[in-house]
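Single-structure report; data block below.
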Amino acid sequence: MNSEEIRKEFLAFFEKRGHKVIASSSLIPGDDPSVLITTAGMQQFKKYFTREKDPIKDFGTQRTTSIQKCFRTTDIEEVGDERHLTFFEMLGNFSFGPVGSDDPKDFGVSGYFKRSAICWAYEFLNNLGLKIDFVSVFKGEKNIPYDSESFNIWKELGIDEKKIMKFGREDNFWGPTGEEGPCGPTTEIYIDNIEVWNIVFNEYYQEKSGNLKKLEFPGVDTGMGFERLMKVIQKTATVFETDLFEPLRTRILEINPNIQVRDLRIILDHTRASVFLISDGIYPSNLERGYVLRRILRRLMLKLNKYNLTDKIDIMIKAVIEKFGNIYNNLKNYDKIYEVINKEFKSFERTLKRGLKMFEKYIKGNETEEELGEKLFLLFTSFGLPLDISKELLKEKEMKFTEISNHVFSKLFEEHRKISKSS
Numbered sequence: 001m002n003s004e005e006i007r008k009e010f011l012a013f014f015e016k017r018g019h020k021v022i023a024s025s026s027l028i029p030g031d032d033p034s035v036l037i038t039t040a041g042m043q044q045f046k047k048y049f050t051r052e053k054d055p056i057k058d059f060g061t062q063r064t065t066s067i068q069k070c071f072r073t074t075d076i077e078e079v080g081d082e083r084h085l086t087f088f089e090m091l092g093n094f095s096f097g098p099v100g101s102d103d104p105k106d107f108g109v110s111g112y113f114k115r116s117a118i119c120w121a122y123e124f125l126n127n128l129g130l131k132i133d134f135v136s137v138f139k140g141e142k143n144i145p146y147d148s149e150s151f152n153i154w155k156e157l158g159i160d161e162k163k164i165m166k167f168g169r170e171d172n173f174w175g176p177t178g179e180e181g182p183c184g185p186t187t188e189i190y191i192d193n194i195e196v197w198n199i200v201f202n203e204y205y206q207e208k209s210g211n212l213k214k215l216e217f218p219g220v221d222t223g224m225g226f227e228r229l230m231k232v233i234q235k236t237a238t239v240f241e242t243d244l245f246e247p248l249r250t251r252i253l254e255i256n257p258n259i260q261v262r263d264l265r266i267i268l269d270h271t272r273a274s275v276f277l278i279s280d281g282i283y284p285s286n287l288e289r290g291y292v293l294r295r296i297l298r299r300l301m302l303k304l305n306k307y308n309l310t311d312k313i314d315i316m317i318k319a320v321i322e323k324f325g326n327i328y329n330n331l332k333n334y335d336k337i338y339e340v341i342n343k344e345f346k347s348f349e350r351t352l353k354r355g356l357k358m359f360e361k362y363i364k365g366n367e368t369e370e371e372l373g374e375k376l377f378l379l380f381t382s383f384g385l386p387l388d389i390s391k392e393l394l395k396e397k398e399m400k401f402t403e404i405s406n407h408v409f410s411k412l413f414e415e416h417r418k419i420s421k422s423s
């Protein structure tokens with residue numbers, strides 16, 4: 001099955017079970033100042049979990065389902081391996097309570113909780129012919145009890161006890177997005193040793209202080225990474241071979257079939273991410289969201305420059321629009337997206353060329369950790385080469401940027417900042 005078919009299957013499955021299909025919100029969070037960019041499918045629904053908004057009034061039901069655009073920078077330096085991404089789509093189903101019968105056969109409009117959420121996830125994956133390797137549940141920690149209910153539900157569904165793992169808060173407790181918000185224990189589903197679906201039971205509200213208080217009505221927030229799901233469905237080696245990256249991957253390899261694997265993955269991720277960020281009104285700058293985009297574009301330009309592909313960015317933008325334009329209408333503004341990327345590339349071109357030349361001149365490969373931190377600081381202050389770019393270049397040389405190097409760089413940077421501020 002291709003990704004378009006799975007989109008329809010997923011939304012139809014939950015719509016049949018009383019869920020209102022809600023379009024993806026923007027990557028710019030509408031009313032959540034605690035986060036810069038939308039990082040999870042539940043973000044547009046936070047105020048329904050807290051009852052600040054009424055789901056019945058707005059949706060006619062306490063159940064919704066969506067496929068949400070998401071972006072995270074936490075793993076940006078890991079992009080290039082088999083599964084890490086900055087931009088991704090999250091399939092989700094949500095319940096805002098109060099809980100009704102929690103019977104999976106109840107296709108009404110009331111809220112539901114653990115039994116329905118788990119049984120529907122199991123049923124949907126089973127309908128796709130996917131076999132669950134193992135699942136995990138929250139084992140309990142501090143004042144939060146062990147989730148024996150989820151354990152028993154999985155057992156009833158036929159999952160062997162030995163395949164129901166019990167993990168603590170670090171692995172099986174999700175949220176909140178931002179500094180505060182709904183959160184709770186999770187149960188996770190693994191297929192082909194990949195975490196495919198994370199089912200969150202929002203039972204608590206975490207305050208800015210870190211204190212947890214019980215929500216008036218428990219809710220369900222599930223997230224299934226679309227790229228990971230397509231990997232296990234289409235049995236590809238990595239997420240980058242799924243049809244979600246077609247025709248972009250094909251266009252790039254038609255131009256240059258000899259791109260190193262890691263570089264190709266970075267180009268695929270960063271091109272797609274940039275197009276989506278710009279289409280939602282985020283533009284390069286040195287502040288907040290704009291800086292996130294600038295960072296992505298400069299890393300992208302570094303890789304394109306390596307293969308003389310910078311002037312082919314128009315083809316790549318069109319390939320992303322070809323794949324996603326009928327799903328997200330605001331992607332169709334090719335002229336604006338190209339204008340923003342081309343302008344950023346041109347403004348960084350001279351700095352990059354000079355920085356690359358100076359990097360080769362200064363970095364010999366035999367530096368101590370302290371010397372490396374000092375030299376990267378010099379490259380940044382004297383030649384404008386961003387630390388992100390230097391770190392990527394170090395990886396190409398198979399050199400490590402250690403904590404000691406980072407400490408030296410950060411110390412010199414802070415001293416430089418104070419001097420600049422006082423002068």
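In this text, residue positions in the sequence shown follow the numbering used here: the first is 1, and each later residue adds one. Beta carbons: idealized from backbone N, C-alpha and C, even for Gly.
Original post:
Can P185 and I144 be called in contact, C-beta distance under 8 Å?
Top reply: Yes, these two residues count as a Cβ contact at 8 Å.
Original post:
Among the residues of its own chain, which have a CB less than 6 Å from the CB of Q44, if the five just before and after it don't count?
Top reply: Same-chain partners within the cutoff: S25.
**OP:** Would you mind working out which of I6, M165, T238, F113 sits nearest G129, comparing C-alpha positions?
**Re:** Answer by Cα proximity: I6.
Original post:
Does the distance from the CB of F134 to the CB of M165 come in under 8 Å?
Top reply: With a cutoff of 8 Å on beta-carbon distance, F134 and M165 are scored as near each other.
Original post:
E195 to G223, Cα distance in whole Å?
Top reply: Their backbone Cα atoms lie some 11 Å apart in a straight line.
**OP:** Give the range of the alpha helix (DSSP H) segment to which T271 is assigned.
**Re:** Boundaries of the alpha helix (DSSP H) around T271: 261 to 279.
Subject >> Beta-carbon separation (whole angstroms), V232 vs F201, contact threshold 8 Å >> reply: So it is not a contact: roughly 24 Å between Cβ atoms.
**OP:** Can you have a look at L287 and say buried or exposed, based on whether 16 or more other CB atoms are within 10 angstroms of its CB?
**Re:** Answer is exposed; the Cβ neighbour count stays below 16.
Original post:
Is it the case that the Cβ atoms of L297 and I389 are separated by a distance below 8 Å?
Top reply: Result no, Cβ atoms of L297 and I389 do not sit closer than 8 Å.
Original post:
Fully enclosed by the stretch 119 to 174, which beta strand (DSSP E) runs are 3 residues long or longer?
Top reply: With a minimum length of 3 residues, the continuous beta strand (DSSP E) runs that stay inside the stretch 119 to 174 are 134 to 138, 164 to 167.
**OP:** Output yes or no for whether 8 Å exceeds the beta carbon distance between R265 and V320.
**Re:** No, Cβ-Cβ distance for R265 and V320 is not below 8 Å.
Original post:
Quick one: Cα of S382 to Cα of L412, how far?
Top reply: Taking the straight line joining both Cα atoms gives about 13 Å.
Original post:
Whose CA, out of E369, S136, E207, lies closest to the CA of E403?
Top reply: For E403, the nearest C-alpha among the options comes from E369.
**OP:** Could you tell me the distance, in whole angstroms, from the CA atom of I203 to the CA atom of G373?
**Re:** The question names Ile, but residue 203 is Glu in the sequence shown. The straight-line gap from Cα to Cα measures roughly 45 Å.
Original post:
Of all the options D311, D263, K318, N308, which has the alpha carbon lying nearest to the alpha carbon of R299?
Top reply: It is D263 whose Cα lies nearest to the Cα of R299.
**OP:** Grab the span of the alpha helix (DSSP H) containing G355 for me, first residue to last.
**Re:** From DSSP, the alpha helix (DSSP H) with G355 extends over 334 to 362.
**OP:** Pull up the CB-CB distance for G92 and Q62, whole angstroms please, since I reckon it's below 8 Å.
**Re:** Not quite, the Cβ-Cβ distance comes to about 15 Å (not below 8 Å), so this is no contact.
**OP:** Compute the beta-carbon to beta-carbon distance between R294 and E344, rounded to the nearest angstrom, for a pair I have assumed lies under 8 Å.
**Re:** Between E344 and R294 the Cβ distance is about 7 Å, and since that is below 8 Å, they are a contact.
**OP:** Please say whether S279 and L244 have beta carbons closer to each other than 8 Å?
**Re:** For the pair L244 and S279, the CB atoms are not nearer than the 8 Å cut-off.
Subject >> N- and C-terminal bounds of the alpha helix (DSSP H) containing T242 >> reply: Per DSSP, T242 lies in no alpha helix (DSSP H) segment and is marked neither H nor E.
Original post:
What residues in its chain sit with their C-beta under 8 Å from that of G365, if we drop five residues either side in the sequence?
Top reply: So the qualifying residues of the chain are K397, M399.
Original post:
Just how far apart, CA to CA, sit R249 and H416?
Top reply: Using only the alpha carbons, I get a separation of about 42 Å.
Subject >> Nearest neighbour of N126, chosen from C183, F10, F87 [CA to CA] >> reply: Out of C183, F10, F87, the CA that lies nearest to the CA of N126 is found in F10.
**OP:** State the start and end residues of the unbroken alpha helix (DSSP H) segment that holds R249.
**Re:** Going by DSSP, R249 is part of the alpha helix (DSSP H) stretching over 248 to 255.
Original post:
In the DSSP assignment, what are the bridge partners of D221?
Top reply: Beta-bridge pairing links D221 to F94, V200.
Original post:
In terms of residue numbering, what span does the beta strand (DSSP E) encompassing E188 cover?
Top reply: Segment 181 to 191, the beta strand (DSSP E) holding E188.
Original post:
Excluding sequence positions up to five away, which residues of its chain have a Cβ less than 7 Å from the Cβ of E246?
Top reply: Cβ within range, chain order: K323.
Subject >> Endpoints, the alpha helix (DSSP H) within which S382 is located >> reply: In the DSSP assignment, S382 falls within the alpha helix (DSSP H) that extends over 369 to 383.
Original post:
In this structure, what does DSSP give as the bridge partners for K213?
Top reply: Beta-bridge pairing links K213 to Y205.
Original post:
Grouping DSSP H, G and I as helix and E and B as strand, with all else coil, what is I424?
Top reply: Residue 424 is absent from the model: the chain starts at 1 and stops at 423.
Original post:
Using CA coordinates, which residue listed in R350, E227, G290, K361 is at the minimum distance from E4?
Top reply: If we check each option's Cα against that of E4, E227 comes out closest.
**OP:** Reducing DSSP to helix, strand and coil, say where T290 ends up.
**Re:** Here residue 290 turns out to be Gly, not Thr, going by the sequence shown. Three-state DSSP puts G290 in a helix.
**OP:** Kindly give me the distance between the Cβ atoms of N342 and L309, rounded to whole angstroms, as I take these residues to be in contact under 8 Å.
**Re:** Beta-carbon to beta-carbon, N342 and L309 are separated by about 14 Å, too far to satisfy the 8 Å threshold.
Original post:
What residues are listed by DSSP as bridge partners for V99?
Top reply: Residue pairing of V99 in beta bridges, as defined by DSSP: G111.
Subject >> Spatial distance of K353 from I337 (CA atoms) >> reply: Distance between the alpha carbons of K353 and I337 is about 24 Å.
Subject >> Buried/exposed call for K16, threshold 16 Cβ in 10 Å >> reply: Classification of K16: exposed, given that the 10 Å Cβ count is below 16.
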